[in-house]
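Novice: Attaching a single structure in structure tokens format; questions to follow.
Protein chains: 2
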Amino acid sequence: MEPRPDASLSAYEASCDGDADSGAAVREVLDRIGDKWSLLVIGTLRARRLRFTELRQHIPGISQRMLTLTLRQLERDGLVVRTAYAEVPPRVEYELTGLGGTLVELAVALGDWAMDNRRTIEASRAAYDEVHVVR
Amino acid sequence: MEPRPDASLSAYEASCDGDADSGAAVREVLDRIGDKWSLLVIGTLRARRLRFTELRQHIPGISQRMLTLTLRQLERDGLVVRTAYAEVPPRVEYELTGLGGTLVELAVALGDWAMDNRRTIEASRAAYDEVHVVR
DNA sequence: CGGCATCCGGGCAGATACTG
DNA sequence: CAGTATCTGCCCGGATGCCG
Numbered sequence: 745m746e747p748r749p750d751a752s753l754s755a756y757e758a759s760c761d762g763d764a765d766s767g768a769a770v771r772e773v774l775d776r777i778g779d780k781w782s783l784l785v786i787g788t789l790r791a792r793r794l795r796f797t798e799l800r801q802h803i804p805g806i807s808q809r810m811l812t813l814t815l816r817q818l819e820r821d822g823l824v825v826r827t828a829y830a831e832v833p834p835r836v837e838y839e840l841t842g843l844g845g846t847l848v849e850l851a852v853a854l855g856d857w858a859m860d861n862r863r864t865i866e867a868s869r870a871a872y873d874e875v876h877v878v879r
Numbered sequence: 745m746e747p748r749p750d751a752s753l754s755a756y757e758a759s760c761d762g763d764a765d766s767g768a769a770v771r772e773v774l775d776r777i778g779d780k781w782s783l784l785v786i787g788t789l790r791a792r793r794l795r796f797t798e799l800r801q802h803i804p805g806i807s808q809r810m811l812t813l814t815l816r817q818l819e820r821d822g823l824v825v826r827t828a829y830a831e832v833p834p835r836v837e838y839e840l841t842g843l844g845g846t847l848v849e850l851a852v853a854l855g856d857w858a859m860d861n862r863r864t865i866e867a868s869r870a871a872y873d874e875v876h877v878v879r
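Sequence order for the protein chains is A and B. Its first residue numbered 745, the first sequence is counted upward by one per residue in the working numbering. Its first residue numbered 745, the second sequence is counted upward by one per residue in the working numbering.
See below:
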């Protein structure tokens, strides 16, 4: 399929216009970047390339396993490049690709949105629970 | 997707600057909107309020259960309002709140990004698999 | 129509141990 | 240091049935 001819036509609108598999494509990509860690990893790499352990320290709560798996997926999708140096001890660095660079802005924007609105969301949750709690 | 007034300080930077739980807050919110369906639901509601069944039709592949659960979470977070009409047969409509409206732009931007880059990503995956496939 | 309750299977993700 | 390998538990999410 050709790139969208009309820039004002969003993916959601396009997916309503009879292009059956474009919606599926959006979901497929959204599944990848919308998982638990991908956006966080991408956002953490916004400034500079980082080593595996550095990356892990900047993302509290991620396990070694999940960081490895997430990085493999991002590498496969062409969002991140992995560079291993033949040294002892080994050193591996990760950095964003050009494609990853176009996504990092959105990742940071989402992170900022989360920061800006977390108080509001917490309050909303508390209010909701106040009403819906099962006593 | 307007940058914040103090555009120099992103959430990621802030989370590196000693505010220990801001990173956790970002992850918490990202967990919510970064799940399988939330962004899709929000994006689908960008134009107008929709009934439950309409929503479901616009999001192929979502089960009734997951749509219900997703809508409950979004309602709890104050991103969506649920309006039930006392009619027979019953009618329930969902629409974005003001807060949800600020997020929908990011959701659409992500969807557009996914659409614009899906070819590239597919190619990257194919190339990666070509090298890494286990024969 | 728009749910909720229940069951259940697969895979996601943590913990641990081991390796180049 | 930067991973793999393996086991395991548990939660996500689909299917089904029932209800207001």
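Glycine residues also receive a C-beta, built at the ideal position from the N, C-alpha and C atoms. In this text the structure is predicted, and so the values were computed from the model without any measurement.
Report the three-state DSSP secondary structure of A:E831 (helix, strand or coil).
Specialist: Reading the first sequence from its first residue, position 87 is the one you call residue 831 of chain A. Note: A:E831 maps to coil in three-state DSSP.
Novice: Buried or exposed: which applies to B:D856, given that a residue is buried once 16 or more other Cβ atoms fall within 10 Å of its Cβ?
Specialist: Locating residue 856 of chain B in the second sequence gives position 112, where the first residue counts as 1. So B:D856 ends up on the buried side.
Novice: Determine the direct distance from the alpha carbon of A:R800 to that of A:S807, and round the result to whole angstroms.
Specialist: Here residue 807 of chain A refers to the residue found at position 63 of the first sequence. Here residue 800 of chain A refers to the residue found at position 56 of the first sequence. Going from the Cα of A:S807 to the Cα of A:R800 covers about 8 Å.
Novice: Does B:G845 have its Cβ less than 8 Å from a Cβ in chain A?
Specialist: Within the second sequence, the letter at position 101 stands for residue 845 of chain B. Output row for B:G845: interface = no.
Novice: Give the residues of chain B in contact with A:T864, contact being defined as C-beta atoms less than 8 Å apart.
Specialist: Sequence index remark: in the first sequence, residue 864 of chain A carries index 120 (1-based). Taking the beta carbon of A:T864 as reference, the chain B residues within 8 Å of it are G822 and L843, listed in sequence order.
Novice: Just the Cα atoms here: how many angstroms apart are A:Y838 and A:L811?
Specialist: Sequence index remark: in the first sequence, residue 838 of chain A carries index 94 (1-based). Sequence index remark: in the first sequence, residue 811 of chain A carries index 67 (1-based). A:Y838 and A:L811 have their alpha carbons spaced roughly 12 Å apart.
Novice: Give a yes or no on whether the minimum CB-CB distance between A:Y872 and chain B is below 8 Å.
Specialist: The sequence position of residue 872 of chain A within the first sequence is 128, counting from 1. A:Y872 counts as touching chain B.
Novice: Below 7 Å CB to CB, which residues in the same chain sit around B:G822 once its five sequence neighbours on both sides are set aside?
Specialist: Mapped onto the second sequence, residue 822 of chain B falls at position 78. These residues qualify, in order along the chain: T841 and L843.
Novice: Does A:V770 come out as helix, strand or coil in the three-state DSSP assignment?
Specialist: Translated into positions along the first sequence, residue 770 of chain A becomes position 26. Helix.
Novice: Go through the segment 822-877 of chain B residue by residue and report every complete run of the beta strand (DSSP E) that reaches 3 residues or more, in order.
Specialist: 824-829 and 835-840
Novice: B:L811 by DSSP, collapsed to three states: which one?
Specialist: Start at 1 with the first residue of the second sequence, and residue 811 of chain B comes out as number 67. If DSSP states are grouped into helix, strand and coil, B:L811 belongs with the helices.
Novice: Less than 8 Å between the CB atoms is what I'm expecting for A:V848 and A:R790, so what's the real figure, rounded?
Specialist: Along the first sequence, one-based indexing puts residue 848 of chain A at 104. Along the first sequence, one-based indexing puts residue 790 of chain A at 46. Between A:V848 and A:R790 the beta-carbon gap is near 5 Å, inside 8 Å, which marks them as a contact.
Novice: Hey, how far is the Cα of B:Q817 from the Cα of B:V785?
Specialist: As a working note, residue 817 of chain B is residue 73 in the second sequence. As a working note, residue 785 of chain B is residue 41 in the second sequence. Going by the C-alpha atoms only, they are around 11 Å apart.
Novice: Would you please verify whether the beta carbon of A:L794 is less than 8 Å from any beta carbon of chain B?
Specialist: Within the first sequence, the letter at position 50 stands for residue 794 of chain A. Chain B, which has no Cβ nearer than 8 Å to the Cβ of A:L794, makes this no.
Novice: Is B:M859 close to chain A, meaning its C-beta is less than 8 Å from at least one C-beta of that chain?
Specialist: By 1-based counting over the second sequence, the position of residue 859 of chain B is 115. Taking Cβ atoms only, chain A reaches closer than 8 Å to B:M859, which makes this a yes.
Novice: To the nearest angstrom, how far is the alpha carbon of A:S868 from that of A:L774?
Specialist: For the purposes of this step, residue 868 of chain A is taken as residue 124 along the first sequence, with counting starting at 1. For the purposes of this step, residue 774 of chain A is taken as residue 30 along the first sequence, with counting starting at 1. Distance between the alpha carbons of A:S868 and A:L774: 26 Å.
Novice: Near A:L783, what residues of its chain come up, given a Cβ to Cβ distance below 7 Å and the 5 sequence neighbours on each side ignored?
Specialist: Walking along the first sequence from the start, residue 783 of chain A turns up at place 39. Within the same chain, A:L783 has close Cβ partners I777, A851 and L854.
Novice: Verify the CB distance criterion: does B:S868 have a CB-CB separation below 8 Å to chain A?
Specialist: For the purposes of this step, residue 868 of chain B is taken as the residue at position 124 of the second sequence. Interface residue, yes.
Novice: So which residues on chain A does B:V832 lean against when the C-beta distance must stay under 9 Å?
Specialist: In the second sequence, the residue the question calls residue 832 of chain B occupies position 88. Neighbours of B:V832 on chain A: none; closest Cβ ~25 Å, over 9 Å.
Novice: Can you pull the chain B residues whose beta carbon is under 9 Å from the beta carbon of A:L818, in chain order?
Specialist: Looking up residue 818 of chain A in the first sequence gives position 74. In chain order: nothing, as chain B lies at least about 10 Å away.
Novice: Which residues mark the beginning and the end of the alpha helix (DSSP H) in which A:L784 is found?
Specialist: Reading the first sequence from its first residue, position 40 is the one you call residue 784 of chain A. From DSSP, the alpha helix (DSSP H) with A:L784 extends over S782 to T788.
Novice: Assuming contact is defined by CB atoms lying nearer than 8 Å, are A:V836 and A:A828 in contact in what I supplied?
Specialist: Sequence index remark: in the first sequence, residue 836 of chain A carries index 92 (1-based). Sequence index remark: in the first sequence, residue 828 of chain A carries index 84 (1-based). Yes, they are a contact pair.
Novice: Quick one, are the C-beta atoms of A:A737 and B:V770 less than 8 Å apart?
Specialist: This structure cannot settle anything about residue 737 of chain A, because the visible part of chain A is limited to 745 through 879.
Novice: Taking only beta carbons into account, state which residues of the segment 767-778 of chain B come closer than 9 Å to chain A, listed in chain order.
Specialist: G767, A768, A769, V770, R771, E772, V773, L774, D775, R776, I777 and G778
Novice: According to DSSP, what are the bridge partners of B:R795?
Specialist: Translated into positions along the second sequence, residue 795 of chain B becomes position 51. DSSP output for B:R795 lists B:E837 as bridge partner(s).
Novice: Return helix, strand or coil for A:I806, following the three-state DSSP convention.
Specialist: If you number the first sequence from 1, residue 806 of chain A lands on position 62. DSSP places A:I806 in coil when its eight states are reduced to three.
Novice: Using CA coordinates, which residue listed in A:G845, A:T797 and A:D779 is at the minimum distance from A:T814?
Specialist: Stepping through the first sequence from its first residue, residue 814 of chain A is reached at position 70. Looking at A:G845, A:T797 and A:D779, the one whose alpha-carbon comes closest to that of A:T814 is A:D779.
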